[in-house]
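Residue numbers (our numbering): 34 to 637. Yeah, the Cβ is synthetic: ideal placement off N, Cα and C, and Gly gets one too. Every value quoted in this text rests on a predicted model; they were computed, and no experiment measured them. Notes follow once the structure below has been shown.
Printed below as a string of structure tokens:
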């Protein structure tokens, strides 16, 4: 007689009901901001600035002049804070189905997972056949273990994971976000960002919690093999590495901007990029586990957070934009609604996706957590902080500076504040390069040594593979920065070319797979699942559609999944095409420097 412990299907995605209660304080805080800041701070502080001056319609946007106060601007600001509240509220959506799924008598405090005992063979996704011809699950092999070895790759707590989620996103994307509002328009820009944030939060939730059902998953490439086979694994693995390495290069580029600003272009820009690459190699390679490198994330997050708020406050209190005319009327060209081309709009959308699109690293973060079941909690806290900060910073900076934005945005408040902000935020920009270089190097490190004693034991082979992976990553990032020496369009290229695969397409297919296979959890650490080679090759997409015909819940999941997949494909194709056109325009009009240029990149 076989006793099998079973839990709910994977589509419920329910690590703990406590995550729902955890969100209410954040929503209340944002609501308080709407009431207190919107009515007091705005009227006392904003009334002295350009935001509350008379607004006159103009063909290309809105012309702001030195006139009397206009109450319509307060409505705009109120809508901003309402949008801020909405962004956090929408991020709460992934927990709602799990809450509604609970029985009426199950709301009392309980363990994170309810386990039922069944004295029968329970059908699972795949495995070996039992006497009743149903498949009996086999024990999965986690890529990392807590036993033996010199390196513990399972030491990340959920607060550290939350900071990692936040720092993987806060730093580069937020610096280009105000420019997207100018391209898309203020209201459409906020709406688009809220929608993308909601989608990427749901994607990260699905991705991180996949290990509760398949603990052998380390990266998105493992998921690709589970869904489509080994050939797809190779393609997605290369795509994932490119995303990480390109973003690491963007971190090096941002660091060179900071060093140029602080030193008044005291050296060749590529020399500063080389310094950032060396720091990424030494620190990122010096710590082999995310647990040991988490303290760097705390420091980096704090520095960049203070730096961007310093810039925002400086923009808020200045009389007029530092880059604008110092006398006479000022045309901020604040666009409530867009007047733009398709290519520029898609480039802006790609930038926004980059700001909140680190869903691909959720697999890697969850793989190194002490308790992967707490990943959902970490994601919601980290993502909530990022979304709220991005909307607040981008709205304040754009509304005060308008068309006189700098890219990156830290230079929008004038030369003095620019140096102050870059001085404070410099560690945060370096940490971005460190984290992404570390994760990219570890992808190949795990891929090569997986299943061997060298993975967690400090052997010669262990160090050679680790050092080689890190060195190859930072060198690749350095070369990319030299070939593509621009900031905003560089982020657009990354955001459109590879990011949608991890934020929309693969998570969408994962939900379809869950609907079709309905995997079960049979242990606190995850589901029993066989190695990749024994997964069924049956057409699970067809199975998902069949399940949707008999269940309204499955129908909603299937339709939502296909919407996510189609949106991801559209951003990939349209965004990449648009970004290439934008880059071509930059080279044609001479606004982009040459290959491996030493020119100052901090004057934008």
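Environment of residue i [buried if 16+ CB atoms lie within 10 Å]
| i | result |
| --- | --- |
| residue 5 | For the chain, the structure presents residues 34 to 637; residue 5 sits outside this window and is missing. |
| residue 534 | buried |
| residue 297 | exposed |
| residue 596 | exposed |
| residue 360 | exposed |
| residue 267 | exposed |
| residue 422 | buried |
| residue 274 | buried |
| residue 178 | exposed |
| residue 213 | buried |
| residue 493 | exposed |
| residue 486 | exposed |
| residue 264 | exposed |
| residue 594 | buried |
| residue 243 | buried |
Sub-7 Å separation of residue i and residue j beta-carbons
| i | j | result |
| --- | --- | --- |
| residue 455 | residue 280 | no |
| residue 323 | residue 401 | yes |
| residue 458 | residue 348 | no |
| residue 356 | residue 437 | yes |
| residue 464 | residue 627 | no |
| residue 286 | residue 434 | no |
| residue 235 | residue 415 | no |
| residue 292 | residue 452 | no |
| residue 543 | residue 239 | yes |
| residue 329 | residue 251 | no |
| residue 675 | residue 446 | Outside the shown range of the chain (34 to 637) lies residue 675, about which nothing can therefore be said. |
| residue 395 | residue 500 | no |
| residue 386 | residue 622 | no |
| residue 340 | residue 193 | no |
| residue 601 | residue 537 | yes |
| residue 426 | residue 345 | yes |
| residue 634 | residue 290 | yes |
| residue 16 | residue 522 | What is shown of the chain runs 34 to 637, which leaves residue 16 out entirely. |
| residue 198 | residue 362 | no |
For residue j and residue i, the rounded distance between their alpha carbons
| i | j | result |
| --- | --- | --- |
| residue 342 | residue 367 | 21 Å |
| residue 351 | residue 584 | 58 Å |
| residue 605 | residue 530 | 5 Å |
| residue 479 | residue 271 | 14 Å |
| residue 618 | residue 379 | 15 Å |
| residue 574 | residue 545 | 6 Å |
| residue 413 | residue 527 | 24 Å |
| residue 383 | residue 226 | 10 Å |
| residue 55 | residue 300 | Note that residue 55 has pLDDT 42, beneath the 50 cutoff, so the model's placement of it is unreliable and the number below is only indicative. When rounded, the distance between both Cα atoms is 48 Å. |
| residue 539 | residue 549 | 15 Å |
| residue 407 | residue 399 | 9 Å |
| residue 417 | residue 261 | 32 Å |
| residue 370 | residue 211 | 14 Å |
| residue 107 | residue 184 | Model confidence at residue 107 stands at a pLDDT of 39, short of 50, so the residue's coordinates are unreliable; what they give is reported in the following sentence. Roughly 55 Å between the two C-alpha positions. |
| residue 258 | residue 481 | 16 Å |
| residue 374 | residue 517 | 23 Å |
| residue 215 | residue 598 | 28 Å |
| residue 496 | residue 253 | 24 Å |
| residue 314 | residue 283 | 15 Å |
| residue 144 | residue 331 | At residue 144, the pLDDT of 31 sits below 50, so the modelled position is not reliable; the number obtained from the coordinates is stated separately. About 30 Å. |
| residue 354 | residue 580 | 57 Å |
| residue 202 | residue 611 | 23 Å |
| residue 582 | residue 231 | 27 Å |
| residue 483 | residue 381 | 39 Å |
Proximity winner among the options, relative to residue i (alpha-carbon distances)
| i | options | result |
| --- | --- | --- |
| residue 321 | 396, 197 and 472 | 472 |
| residue 576 | 600, 547 and 601 | 547 |
| residue 316 | 494, 504, 550 and 582 | 504 |
| residue 424 | 188, 620 and 229 | 229 |
| residue 318 | 580, 211 and 498 | 498 |
| residue 233 | 449, 420 and 263 | 420 |
| residue 303 | 631, 635 and 370 | 631 |
| residue 377 | 198, 218, 586 and 502 | 218 |
| residue 460 | 189, 200 and 190 | 200 |
| residue 397 | 187, 586, 580 and 265 | 187 |
| residue 306 | 202, 462 and 264 | 462 |
| residue 189 | 325, 288 and 502 | 325 |
| residue 237 | 409, 365 and 552 | 409 |
(message) Taking 8 Å as the cut-off, does the region 277–294 touch the region 502–509 (at least 3 CB pairs, one atom from each stretch)?
(response) yes
(message) I'd like to know if the region 439–447 and the region 216–224 are in contact, where contact means that at least 3 CB-CB pairs between them fall below 8 Å.
(response) no
(request) Could you tell me whether the region 383–399 touches the region 203–218, using the rule of 3 or more Cβ pairs below 8 Å? (result) yes
(message) Does the contact criterion of 3 or more C-beta pairs under 8 Å hold for the region 474–494 versus the region 231–247?
(response) no
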